[in-house]
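K.L.:
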Amino acid sequence: RLFPENRRWMAAIPADGRLWAPTLYLGLLTALLASASARWRRAASLGSLRRQWLTWMIGLSVAGSLGWYGLGWLVDELRFAIGHDASEPWLGSPVGGLYWLAVTLLPGYAYFRYPAKLLTIASLGLSLLAAYGLDASIRLATVRRLVVRRSLGIALGSLMAIAGVVTFRGKLLAWFASAPIDEYFGPLDESGAWRDIVAALLHGLLLSALAAWWYRGDFGRRLLGCPARWPCAWWPCRGRDVLRLRIGGVAVLLVTALDLLVANGWTVVTAPTELWREPSPLLSQAESLLPRTDEASASLPIRQSRAVRISALDEWKEPQHGNESTSPVPRVATVLRWERATWMPKFGMLDGVASIESYGTMMNADYAAVIRVARRHGVSKDRSVRELHPAVLAAWGTAVRVANQDGSEVSLEPLPNSLPRAWIVRQIETLKPPRDRRWQSLRAITERVWFPEGRPRDFRNSAVVELPNEVVPPWKTRVADEALPSSLPPTSPDKLRANESRETCRVSRYEPTHVVIDAELDRPGLLVLSDLPWPGWQAEIDGQAAPIWRTNRVMRGVWLSAGKHRVEMRFRPRSLAVTGTISMVGWLMLTGALIATRRRQTSAGSSHTGG
255 RLFPENRRWM AAIPADGRLW APTLYLGLLT ALLASASARW RRAASLGSLR
305 RQWLTWMIGL SVAGSLGWYG LGWLVDELRF AIGHDASEPW LGSPVGGLYW
355 LAVTLLPGYA YFRYPAKLLT IASLGLSLLA AYGLDASIRL ATVRRLVVRR
405 SLGIALGSLM AIAGVVTFRG KLLAWFASAP IDEYFGPLDE SGAWRDIVAA
455 LLHGLLLSAL AAWWYRGDFG RRLLGCPARW PCAWWPCRGR DVLRLRIGGV
505 AVLLVTALDL LVANGWTVVT APTELWREPS PLLSQAESLL PRTDEASASL
555 PIRQSRAVRI SALDEWKEPQ HGNESTSPVP RVATVLRWER ATWMPKFGML
605 DGVASIESYG TMMNADYAAV IRVARRHGVS KDRSVRELHP AVLAAWGTAV
655 RVANQDGSEV SLEPLPNSLP RAWIVRQIET LKPPRDRRWQ SLRAITERVW
705 FPEGRPRDFR NSAVVELPNE VVPPWKTRVA DEALPSSLPP TSPDKLRANE
755 SRETCRVSRY EPTHVVIDAE LDRPGLLVLS DLPWPGWQAE IDGQAAPIWR
805 TNRVMRGVWL SAGKHRVEMR FRPRSLAVTG TISMVGWLML TGALIATRRR
855 QTSAGSSHTG G
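Right under this line is the structure:
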């Protein structure tokens with residue numbers, strides 16, 4: 255186990271890779287029943303065909319989840335073991351594996367990434383096979399005997415493994431010492447790792463012995479309470495026998511739950527509540543750097559960017575806690591304090607701070623394209639990864655940057671020249687919305703919008719709006735291929751600056767699903783809000799519906815005429831109402847089906863009793 259103390263001894267294995275899930279253990283009884291129910295060869299009955307399908311689904315999912323560890327990896331490891339140079343592999347590691355085959359033959363399968371995700375399918379199939387095995391173990395003595403034999407085999411193997419681990423304790427501890435130090439949880443607790451191995455083997459020994467005793471003899475009749483006169487091939491029992499059968503099923507469930515509690519209980523960790531409630535020290539710095547004069551400005555989340563290199567946990571020293579990286583101690587609270595203190599992505603939200611860079615599996619493609627293009631044009635500070643270009647940070651209204659001053663202390667750097675959250679522009683270009691959503695196409699259009707001719711665009715005075723062909727904008731516009739009619743008379747730069755100096759644009763209310771902006775314009779212009787234009791946002795200008803145009807690829811734009819206006823934007827996606835209606839109808843249908851089934855069962859029971 256990796257936490258709360260680092261006892262993950264598998265890190266000492268040279269081929270150990272990145273950890274994606276701490277455990278997928280479903281219980282020993284689950285594995286025994288599933289293995290007894292597995293069927294690789296074809297059978298005539300429908301139940302056997304289903305079990306065969308589940309068996310192959312599990313096998314292929316497990317084989318595909320190996321990913322990098324293909325036949326090429328196995329061949330190279332054997333070559334290295336007999337003395338060949340490890341720096342000259344013979345084959346690529348994934349070559350020959352099922353995942354490699356799928357990536358090679360199936361178009362686009364490489365974007366699936368993370369082969370270990372296939373273990374989710376395997377775990378679902380294993381659960382269904384275990385259910386088949388439980389039913390079969392009640393009816394068929396052959397299945398019960400198979401479970402007993404495999405339980406005894408596991409018990410014998412666990413006993414032999416315990417003897418080996420105890421005998422070679424010194425060598426194991428010496429091998430554990432070669433494990434690398436984990437950045438989060440520190441060095442390996444070698445003695446604790448050894449104790450965990452012994453405890454796991456004892457756990458398997460006791461549980462397999464219990465399973466062998468449980469399924470020994472006529473399990474279906476004696477332990478599940480079915481009477482001797484009942485031919486277990488028929489289903490179901492009646493009266494008191496049904497109650498006994500249900501009690502037996504509950505007993506199986508309780509044993510499995512206890513098994514999972516003992517084996518996986520360590521994955522549930524806690525930290526003191528006050529650590530979540532205490533604001534980050536960076537918040538006080540941000541408030542001193544960015545004074546907020548009114549309630550409206552205070553409602554706006556501060557936008558921050560993190561430097562590529564933030565001090566790692568093993569370099570960070572808390573004033574009152576010191577450096578805990580040199581000893582294997584529980585570090586959950588330390589990790590939490592570090593993430594809170596450095597505004598790790600999403601942790602800043604506890605302080606009302608938004609992060610410009612927040613990566614995830616479901617990241618918006620247009621937003622990701624801007625991030626990548628901004629990093630491509632950014633500056634590398636003695637590292638291979640570039641920082642985001644300052645012009646991109648300024649356009650997004652990034653106020654501060656989290657960085658290191660002396661290699662260990664994390665503090666904020668103010669970013670000058672950042673744009674406000676909302677502003678007015680009049681130099682407008684239009685583009686057609688991209689039909690091709692592939693990464694290459696999105697990168698090309700993002701380069702054109704944000705870095706025309708390789709130079710950052712001045713978003714303070716200009717904007718790029720995406721409009722379909724049938725929409726004719728009411729402003730002076732130029733497009734690459736054709737000129738659209740203009741509705742604005744030309745204005746001298748001096749007069750434009752004088753007019754803009756008297757204009758105001760202020761965010762009066764800012765909530766996750768509701769934004770209010772008060773603006774006063776001397777001339778018509780485009781209101782730009784540097785928030786993502788997610789589908790479902792609707793705008794009203796002085797109570798009248800108005801369109802929201804995708805602006806600058808990742809912002810919202812609303813056209814305003816001269817004068818005072820109140821612009822309200824609300825998030826009202828139609829998909830939410832549709833899915834809510836579908837869900838409600840589904841629940842009503844399910845409830846009706848359950849009621850009807852219950853009534854039929856009651857009627858059938860009454861008829862049988864009366865007969």
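Read left to right, the sequence shown gives residues 255 to 865 (the working numbering).
C-beta atoms are modelled at their ideal positions from N, C-alpha and C, and glycine is treated no differently.
Being a predicted model, the structure only gives us computed values, none of them experimental.
Among Arg-367, Leu-461, Arg-393 and Ala-376, which residue has its Cα nearest to the Cα of Leu-410?
P.N.:
It is Leu-461.
K.L.:
What alpha helix (DSSP H) runs, 4 residues minimum, are completely inside the region 390 to 478?
P.N.:
Segments of the alpha helix (DSSP H) lying fully in the region 390 to 478: 395 to 421, 423 to 430, 444 to 468 and 473 to 476.
K.L.:
Measuring straight from C-alpha to C-alpha, what distance separates Leu-554 and Ser-538?
P.N.:
One C-alpha to the other measures close to 16 Å.
K.L.:
Do the region 352 to 365 and the region 285 to 297 touch if we need at least three Cβ pairs shorter than 8 Å?
P.N.:
Flag = no, the region 352 to 365 and the region 285 to 297 do not touch.
K.L.:
If you draw a straight line from the C-alpha of Arg-594 to the C-alpha of Pro-526, how long is it?
P.N.:
Each residue's alpha carbon lies about 13 Å from the other.
K.L.:
Looking only at its own chain, which residues have a Cβ that is under 8 Å from the Cβ of Arg-214, when we skip the five neighbours before and after it?
P.N.:
Nothing can be reported for residue 214, as the shown portion of the chain is limited to 255 through 865.
K.L.:
From the DSSP secondary-structure annotation, give me the bridge partner or partners of Asp-772.
P.N.:
Answer is Arg-760 and Arg-820, bridged to Asp-772.
K.L.:
With a cut-off of 8 Å on the beta carbons, I'd call Pro-778 and Leu-814 a contact; round off their distance for me.
P.N.:
Confirmed, Cβ separation roughly 7 Å.
K.L.:
Does the count of Cβ pairs from the region 796 to 803 and the region 825 to 843 closer than 8 Å reach three?
P.N.:
No, the region 796 to 803 is not in contact with the region 825 to 843.
K.L.:
Along the chain, where does the beta strand (DSSP E) containing Leu-781 start, and where does it finish?
P.N.:
That run of the beta strand (DSSP E) goes 779 to 783.
K.L.:
Secondary structure at Gly-318, three-state DSSP: helix, strand or coil?
P.N.:
In the structure shown, Gly-318 sits in a helix (DSSP, three-state: H, G or I).
K.L.:
Going straight from the alpha carbon of Asn-518 to that of Arg-763, what length do you get?
P.N.:
Straight-line Cα distance between these residues: approximately 46 Å.
K.L.:
In terms of DSSP beta bridges, what is Val-654 paired with?
P.N.:
In the DSSP output, where bridge partners are listed per residue, Val-654 has Gln-558 and Pro-668.
K.L.:
Quick one: residues in its chain with C-beta nearer than 7 Å to the C-beta of Leu-273, no 5 flanking neighbours on either side, listed in chain order?
P.N.:
Answer for Leu-273: Leu-256, listed in chain order.
K.L.:
Would you please verify whether the beta carbon of Leu-515 is less than 8 Å from any beta carbon of chain C?
P.N.:
In the structure shown, chain C cannot be found, because there is only a single protein chain.
K.L.:
Taking 8 Å as the limit between beta carbons, can you name the residues of its chain near Ala-265, skipping five residues before and five after?
P.N.:
Excluding positions up to five away in sequence, the list reads Ala-433, Pro-434, Asp-436 and Leu-442.
K.L.:
Quick check on Phe-825: does DSSP put it in helix, strand or coil?
P.N.:
Here Phe-825 sits in strand by DSSP.
K.L.:
Which value, in whole angstroms, describes the spacing of the CA atoms of Met-603 and Glu-765?
P.N.:
Between Met-603 and Glu-765, the C-alpha separation is close to 13 Å.
K.L.:
How many Å lie between Asn-671 and Ile-556 at the Cα?
P.N.:
Whole-angstrom Cα-Cα distance: 15 Å.
K.L.:
In this structure, how does DSSP classify Thr-805 when only helix, strand and coil are distinguished?
P.N.:
Reduced to three states, the DSSP call for Thr-805 is strand.
K.L.:
Straight-line CA distance for Arg-333 to Arg-295?
P.N.:
Cα to Cα, Arg-333 sits roughly 35 Å from Arg-295.
K.L.:
Run the CB neighbour count on Ala-717, radius 10 Å, all protein chains shown included, and call it buried at 16 or more, exposed below.
P.N.:
By the 10 Å Cβ count, Ala-717 comes out buried.
K.L.:
What are the residues that DSSP puts in a beta bridge with Trp-677?
P.N.:
Answer is Val-782.
K.L.:
Terminal residues of the continuous beta strand (DSSP E) containing Glu-794?
P.N.:
Residues 791 to 795.
K.L.:
Hey, how far is the Cα of Tyr-438 from the Cα of Glu-259?
P.N.:
The straight-line gap from Cα to Cα measures roughly 10 Å.
K.L.:
Would you call the region 701 to 716 and the region 640 to 660 touching, i.e. three or more CB-CB distances under 8 Å?
P.N.:
Judged by Cβ distances under 8 Å, the region 701 to 716 makes contact with the region 640 to 660, as three or more pairs qualify.
K.L.:
Run through DSSP, which three-state label would Ser-347 get?
P.N.:
Coil at Ser-347, not helix or strand.
K.L.:
According to DSSP, simplified to helix, strand and coil, what is Ala-275?
P.N.:
Ala-275: coil per DSSP, three-state reduction.
K.L.:
Using 8 Å as the threshold, is the C-beta distance between Thr-700 and Val-627 below it?
P.N.:
Yes. Within cutoff.
K.L.:
In this structure, how does DSSP classify Ser-609 when only helix, strand and coil are distinguished?
P.N.:
In the structure shown, Ser-609 sits in a strand (DSSP, three-state: E or B).
K.L.:
Go to Ala-799, then tell me how far its beta strand (DSSP E) extends in each direction, as first and last residue.
P.N.:
Per DSSP, Ala-799 belongs to the beta strand (DSSP E) from 798 to 800.
K.L.:
Are Asp-513 and Arg-807 close, meaning C-beta to C-beta below 8 Å?
P.N.:
Not closer than 8 Å, so no.
K.L.:
According to DSSP, is Gly-576 part of a helix, a strand, or is it coil?
P.N.:
Here Gly-576 scores only 40 on pLDDT, less than 50, and its place in the model should not be relied on; the value that follows carries that caveat. Gly-576 falls in the strand class under three-state DSSP.
K.L.:
What do you get for Ser-857, buried or exposed, if any count of 16 or more other CB atoms within 10 angstroms of its CB means buried?
P.N.:
Exposed, since its Cβ has fewer than 16 Cβ neighbours within 10 Å.
K.L.:
Is Glu-641 helix, strand or coil by DSSP?
P.N.:
Glu-641: coil per DSSP, three-state reduction.
K.L.:
Going straight from the alpha carbon of Ser-695 to that of Pro-688, what length do you get?
P.N.:
C-alpha separation (whole angstroms): 8 Å.
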